[in-house]
Structure formats: structure tokens, C-alpha cells
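Going by the working numbering, the letters in the sequence shown line up with residues 11 to 491, in that order.
All residues carry an ideal CB built from backbone N, CA and C; glycine is no exception.
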Amino acid sequence: MRFSFIIILLLIGVFFRVSTACAQVDSLPTLQTDTAYFKDPAFLKDTLTYNLNPKREKKFWRAGAEWFLAQALPASFNRFITRDPYSYISFQNFLDHQRLSAWDWDDNQFTTNQIDHPFHGQIYFNAFRSNGYNFYQSSIATVAGSYIWETAGETQHPSINDLVNTTFGGILLGEMMHRVSRNILARNRSHHNRIGNEVVATLVNPVHGLNRMLDGKWGKQVEDYFLVDSSIISAEVDAGIRRFDAKDGDFLTKGKNSFYGRLRFKYSNGDHNYKRPFDQFAVTLELGTGDSSFINMVNVHALLYGAKFFKSQRGNHFGTLNAHYDFINNDSFFYGAQSINYNWLSEFRYKKGNRLNLSVGAGAVVLAAVPDPYLLYGASRNYNYGPGASYRFKGELMLINRFLLSADYNGGVFFTISGNDSYYILHGLSVEASLRLYKRWSINVSSGYFNLQGHFKDPQYADYHREYPYGRLSLGYNIFF
């Protein structure tokens with residue numbers, strides 16, 4: 011299974027919940043990526059009067075068993091079903107891999123490293139998270155699971171990039187799945203659609219659904235841990251046409267048309283909880299035909315910690331630390347990275363229905379995977395790995411709660427440490443206008459530009475320049491519950 015499958019399940023969950031939404035709004039949702047809090051108090055319970063983290067029983071032995079099975083089942087499948095030559099492991103193999111010199115970079119395909127490994131990591135995470143452990147304890151379990159698999163799960167050298175992708179992506183994906191499933195189960199206060207809630211929550215977070223079945227709680231009244239949940243979810247689904255060009259950089263006269271679909275999904279747990287990891291996160295999933303991949307883009311932005319600096323007459327100003335996962339795959343190039351950014355956020359309000367949100371941030375790219383046309387590392391790797399720096403800007407202007415104008419820029423520079431000696435510069439800019447037509451329906455017009463430049467030290471390798479301009483027209487539907 012892949013990360014893309016989980017995102018699709020999230021989309022299914024969003025549609026499923028529309029029928030039981032607890033509130034109705036006739037406006038575009040607030041979709042700023044790095045917002046420190048979600049401003050819609052009419053739909054927030056006053057959870058300040060509750061214990062936001064009621065104690066749950068910690069079930070170490072069951073968590074450990076599920077964590078172990080996440081190792082043992084794929085290892086057994088590789089050994090006895092596919093008979094992978096790397097699966098003939100031994101204890102001596104584990105001891106040999108404890109040397110620092112044993113670590114290397116693997117040659118797996120791009121989607122295997124950037125998608126499959128994060129999904130595997132979330133199983134380690136949710137084995138403990140769904141058994142009563144907190145975010146930090148579950149994160150340690152993810153690190154341990156990734157390390158044990160790399161050193162004991164296969165005979166090949168432990169992989170540096172797999173350790174990063176499984177750990178970073180597993181924590182990011184795992185906590186998101188935990189939070190969304192908790193939000194869904196929080197609605198099980200009555201008998202109304204209780205089984206439906208359980209089904210969707212299990213699809214979103216299968217490990218937690220399994221544990222509710224083992225506890226005999228599946229389909230029944232939920233405990234206090236879910237009842238105090240004050241989170242809200244907003245989403246926008248839009249579909250239409252996209253015109254792009256990956257060869258000449260001229261999408262207007264030389265481009266090609268394709269179907270386009272996008273899900274923007276935002277979770278918020280209230281303005282008083284921005285100091286806790288993942289009390290705010292946003293996901294953007296873009297799909298389209300005509301490109302090299304059906305899944306063209308996945309962006310995840312999660313709040314790790316925030317602090318309110320000061321409040322002006324019409325605005326609030328914050329500093330936030332955010333984790334980012336970026337995946338791009340189009341006709342021009344592919345790109346995947348995990349990064350940590352510090353952001354300055356300013357949110358201004360003028361009368362009812364008018365707002366201006368600005369955010370600017372910079373930080374470190376932990377690890378980026380960037381294409382190299384001159385590389386064939388091992389059997390199938392045609393991309394370089396390296397760390398770097400990222401910088402981001404986002405601005406949103408809402409007028410009379412009906413017209414939304416936004417601009418979003420993501421950039422970065424990356425230096426190769428595995429692959430041909432090189433460095434890369436990435437630019438990504440999009441501008442979008444959205445007009446609410448009737449109730450939840452809106453029309454969206456946008457244009458954007460991706461630019462990737464590769465600079466190689468060896469003179470036999472010419473520098474390359476990849477461009478991907480596009481324009482989009484779509485009809486959107488807003489969901490808020």
C-alpha cells in the first residue's frame with residue numbers, strides 16, 4: 011500500500027462525513043497553510059474547561075506486539091513468498107550493521123523511498139499511539155522501528171535515506187491519521203451513524219480500528235479521550251481542466267490539456283492549543299491525467315510549536331515551527347523532500363468577512379530527492395540525495411467573505427551528498443483567485459510555475475533547466491465539519 015492510498019481514504023472520509031456534518035457554512039474555508047489557529051469560534055467548543063488529554067491506559071505488550079509484527083510480516087513475506095535474496099538475515103548480519111561504516115544509500119525507485127517508507131513508518135507510530143502512548147513516545151517507537159528494520163530486516167547495507175524517510179514521514183503521516191480518526195470517532199456521542207463513523211475511522215487509521223475491535227469497543231460509545239476532542243476539519247474539493255507544458259515553457263500556445271482534481275484538507279484543534287504538535291496541519295493532494303503520474307503533488311504542512319508574539323489593533327502575529335513533506339511528480343521532473351521551517355505569521359481582520367493573512371518562513375531541508383539525468387545508481391535510482399535550505403511565502407486576501415485571492419511561493423537549494431557532485435535550485439509559484447458563486451460552490455482560476463535547475467561540477471555533465479508552467483480552471487465545493 012502507498013501513501014497515495016491513505017490520502018484517497020481521507021478523501022472518502024471527508025465525503026462520508028458531509029452527511030453528518032455538525033455545522034453549515036456558506037463561505038470559503040480558511041485554508042492558509044501555516045496558520046497558528048483556526049478562527050471560527052462559533053464551531054469550537056470551549057474545551058478550556060475540559061482536560062484536553064484525559065489519561066488512557068497504556069498497553070505496552072500489545073503495542074510491542076503490533077510494532078514487532080510490522081517488522082516480522084514483511085520480512086517473512088520477503089523470505090518465504092518472494093524469496094528476496096536480501097531477506098536471508100542472521101544475527102551476525104545485525105551485528106555487522108552496527109558499525110557506522112556499514113550505512114549507505116540505497117538504489118530503490120523514487121516512489122518506493124518517498125511514499126512506501128513513510129507508510130511503513132506510520133505503522134510503527136500508530137502501534138503505540140493507538141495503545142495509549144503520546145506523540146513523543148510514539149515518535150521514539152518510529153525511530154526504533156526504522157532503525158531495527160534497516161539493521162536487522164535485510165542483509166543489504168542499512169540505508170541512510172530510508173531511516174530519514176521512514177522516521178520523518180512515518181511520524182508525520184501517523185499523527186495525521188491518528189488525529190483525523192479521533193475527530194471522526196468524537197461524533198459517536200449518540201447512536202446516529204455510529205457504525206459509519208467506525209468504518210471511516212478504521213479506513214483512515216487501520217491500526218487503531220483493529221485495537222478498538224480487540225477491546226470490544228468498535229461501534230460502541232466512545233470514551234472521554236474522544237469526547238473532549240474539539241478539532242474541526244475544513245476541506246475544498248475542486249475539479250476542472252488544466253493546461254500545461256513541460257517542453258517549451260509555453261503552455262498557452264504549445265501546451266496540452268488534461269483533467270485536474272485537487273483536495274485541500276485542513277485540521278485545526280482550536281486557537282488555544284497551538285503549542286502542541288499537530289494541533290494544526292494541512293494536506294494538499296493534486297491529481298491529473300496527461301502527466302507522467304496520476305498523483306502530481308502531495309504537500310503536508312504540520313504545526314510543531316507556536317508562540318503568539320503580540321496583538322495589534324486589527325491583527326495577531328505568531329511564530330511557528332512547522333514540519334513539511336513535499337512530493338511533486340509531473341512531465342518535467344519529480345521531487346521529494348522533508349523539511350523543518352520557522353515561520354512568521356500575521357493575520358489581519360477588517361470588519362466582517364475581510365481578512366489578510368501573510369506568512370514567510372525559512373528553514374532546513376532534512377533530505378531532498380532530486381532527479382539526475384546522468385545517474386544510474388544501482389539497479390533503478392536516477393536521482394540524487396542531499397540536504398539544503400527552503401524558503402516559503404504565502405499570502406491570502408479575503409473580501410466580503412466571497413472573493414479569495416492567494417499567492418504561494420516555495421523555493422529551495424539542495425546540495426548532493428549521494429550521487430553526482432551537484433547542487434539544485436527549485437522555484438514553485440502559484441497565484442489563485444476563487445469566487446463563491448452559491449453557498450458552498452465556487453469557481454477557481456489559477457496559474458503557476460515550477461522551475462528546477464541542476465548545476466553539476468563535472469564538466470562532462472551539462473547543467474539542465476526544467477520548467478513546468480500551467481493554468482487551471484475548476485469548480486470547487488467547500489466542506490466544513
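Just how far apart, CA to CA, sit Phe78 and Lys321? A direct Cα-to-Cα measurement between Phe78 and Lys321 gives close to 49 Å.
Should the stretch 328-336 be called in touch with the stretch 140-154, which here means at least 3 C-beta pairs below 8 Å? no
So if DSSP puts Lys404 in a beta bridge, which residue, or which two residues, is it bridged to? Looking at the DSSP assignment, Lys404 forms a beta bridge with Ser369 and Asp418.
Identify whether Lys285 lies in helix, strand or coil by the three-state DSSP scheme. Annotated three-state conformation of Lys285 is coil, per DSSP.
Across the stretch 218-238 and the stretch 448-455, are there enough close Cβ pairs to call them in contact, namely three or more that are closer than 8 Å? Contact fails: fewer than three Cβ-Cβ distances are below 8 Å.
Going by beta carbon distance, what residues of the same chain come within less than 6 Å of Met408, once the five residues before and after it are set aside? Arg365 and Leu414
Tell me the residue span of the beta strand (DSSP E) that contains Ala333. Gly325 to Asn339
Local Cβ density within 10 Å of Asp234, reported as buried at 16 or more and exposed below that: It counts as exposed.
Identify, in the order they occur along the chain, each residue of the same chain with its Cβ nearer than 8 Å to the Cβ of Lys361, setting aside the five sequence neighbours on each side. Excluding positions up to five away in sequence, the list is empty.
Name the two residues that bound the continuous alpha helix (DSSP H) containing Ile170. Ile170 to Leu195
Select from Asn215, Arg286, Asn420 and Phe288 the residue whose C-alpha is nearest the C-alpha of Leu439. Ranked by Cα distance from Leu439, the first of Asn215, Arg286, Asn420 and Phe288 is Asn420.
For the beta strand (DSSP E) that contains Thr294, what are its first and last residues? Gln290 to Gly298
DSSP-derived helix/strand/coil call for Gly464: strand
Can the beta-carbon of Gly481 be found less than 8 Å from the beta-carbon of Arg253? yes
Using only the alpha-carbon positions, how far apart do Asn144 and Asn309 sit? Taking the Cα positions, Asn144 is about 25 Å away from Asn309.
Contact defined as beta carbons within less than 8 Å: I believe Ala162 pairs with Phe104. What is the distance between those atoms, to the nearest angstrom? 4 Å
In the DSSP assignment, find the unbroken alpha helix (DSSP H) run with Asn207 in it and report its ends. That run of the alpha helix (DSSP H) goes Arg204 to Val214.
Since Asn524 contacts Asn123 with CB under 8 Å, what's their CB separation in whole angstroms? No statement about residue 524 is possible, as the shown extent of the chain runs from 11 to 491 and does not include it.
Once you ignore the five residues that flank Trp159 on each side, which residues in its own chain have a CB closer than 7 Å to its CB? For Trp159, the CB contacts under 7 Å within the same chain, skipping 5 residues up- and downstream, are Gln81 in chain order.
Applying the 10 Å Cβ sphere with the 16-neighbour rule, what's the burial state of Asp468? Classification of Asp468: exposed, given that the 10 Å Cβ count is below 16.
To which residues of the same chain is Phe304 closer than 8 Å at the C-beta, ignoring the five residues directly before and after it? Setting aside the 5 residues that flank it on each side, Phe304 is surrounded in the same chain by Leu297 and Gly298, each with a C-beta closer than 8 Å to its C-beta; the list follows chain order.
Whether Gly300 touches Ser268 by CB criterion (8 Å): Taking a C-beta distance under 8 Å as the contact criterion, Gly300 and Ser268 qualify as a contact pair.
Could you tell me whether the stretch 371-379 touches the stretch 350-357, where touching means 3 or more Cβ pairs closer than 8 Å? yes
Is it true that the CB of Ser244 sits closer than 8 Å to the CB of Lys276? yes
Can you check whether the C-beta of Glu67 is within less than 8 Å of a C-beta belonging to chain B? The question asks about chain B, but that chain is absent: this structure has only one protein chain.
Just list the residues that DSSP pairs Asn394 with in beta bridges. Val380
In DSSP terms, what Trp451 is bridged to: Paired residues: Tyr448 and Tyr487.
Rank Tyr459, Ala472, Gln108 and Phe466 by C-alpha distance to the C-alpha of Asp255 and give the top, closest one. Tyr459
My assumption, with CB atoms under 8 Å, is that Phe138 sits in contact with Ala73. Please give the rounded CB distance. 5 Å
Buried versus exposed call for Asp248 [16 or more other C-beta atoms within 10 Å across all chains shown]: Buried is the call here.
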